[in-house]
Amino acid sequence: MQPHVTQALDTWYGAWKLHQETAQDAFTAAFPALNPAARCQCFGPTLRWVTPGEGAGKVCLDDHGRATIEFENVPKTAVGTAMTECWGADWFDERPGGFAEAEPGQFHYEDEQTYAEYEFDVNADGTVTFGISYVKVDDIVTMLDALERALAEHRTARLG
């Protein structure tokens, strides 16, 4: 390879690494419980969290710059509050009151324009397991921030 091509690629790799690092910074600013972890099938930076009574999960950035969130057993009221704030109630036909009022079941949406996928399993125990895949970093950060605030309210009500 010609030296100027090698230099251009090295510059691109450096910018990509910075992009990955700043995406992780944005994820953890929005949801402080996230901690660096081994990479997952996203092949990019991965952050994980576990908080008893609030759930567990991961956030990662794939090698195309798309973000994915996979959370398990998160209180339904917190997910409902965050989802309503981000996308409004009944976007997934879950109920007019959003996921906070949804009956147990599965809700799925695929965006044909962006290839994003949204999957929500409302569990009978009052929790939601969900995945939002292949979306822009700012969309995941918005959801993480809304969920962090909703979980803080849930925490206060639980301890209060």
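Numbers given in this note's numbering equal positions in the sequence shown, counted from 1, plus 2.
The beta carbon of each residue, even a glycine, is placed where N, CA and C say it ideally should be.
Keep in mind it's a predicted model, so treat the numbers as computed, not measured.
Leaving out the 5 sequence neighbours to the left and right, which residues in its chain are closer than 7 Å to residue i when beta-carbon positions are compared?
i, result
"threonine 86", "Gly100"
"valine 130", "Val76, Lys78, Val81, Phe101, Phe122, Asp123, Val124"
"proline 38", "Leu49"
"glutamate 74", "Gly57, Ala58, Gly59, Thr131"
Please list, in chain order, all residues of the same chain as residue i whose beta carbon is under 8 Å from its beta carbon, the five residues on each side excluded.
i, result
"glutamate 119", "His110, Tyr111, Glu112, Asp113, Gly133, Ile134, Ser135, Tyr136"
"histidine 21", "Gly67"
Taking the C-alpha atoms as reference points, what is the distance between residue i and residue j?
i, j, result
"leucine 36", "methionine 145", "14 Å"
"cysteine 25", "alanine 17", "Sequence inspection shows alanine at residue 25; the cysteine mentioned does not correspond to that position. Going by the C-alpha atoms only, they are around 12 Å apart."
"alanine 126", "glycine 67", "35 Å"
"threonine 8", "tyrosine 15", "10 Å"
"valine 152", "threonine 83", "Strictly speaking, residue 152 in this sequence is alanine, with valine absent from that position. About 6 Å."
"glutamate 13", "aspartate 65", "Here the sequence assigns threonine to residue 13, which means glutamate is not the residue at that position. The alpha-carbon atoms of threonine 13 and aspartate 65 are separated by roughly 17 Å."
"proline 106", "glutamate 96", "10 Å"
"glycine 90", "glutamine 108", "18 Å"
"alanine 10", "valine 61", "30 Å"
Examine chain B for any beta-carbon lying closer than 8 Å to the beta-carbon of residue i, and answer yes or no.
i, result
"phenylalanine 73", "Structure shown: chain B not included; a single protein chain is present."
From the DSSP output, which residues share a beta bridge with residue i?
i, result
"proline 38", "Leu49"
"phenylalanine 94", "The partner list for phenylalanine 94 (beta bridge, DSSP) is empty, contrary to what the question assumes."
"phenylalanine 63", "Checking the sequence shown, residue 63 turns out to be leucine, not phenylalanine. Leucine 63 pairs with Ala69."
"proline 77", "Thr129"
Would a C-beta distance cut-off of 8 Å place residue i and residue j closer than the cut-off?
i, j, result
"phenylalanine 33", "glutamate 155", "no"
Who are the Cβ neighbours of residue i in its own chain at under 6 Å, not counting the five residues just before and after it?
i, result
"isoleucine 142", "Ala69, Ile71"
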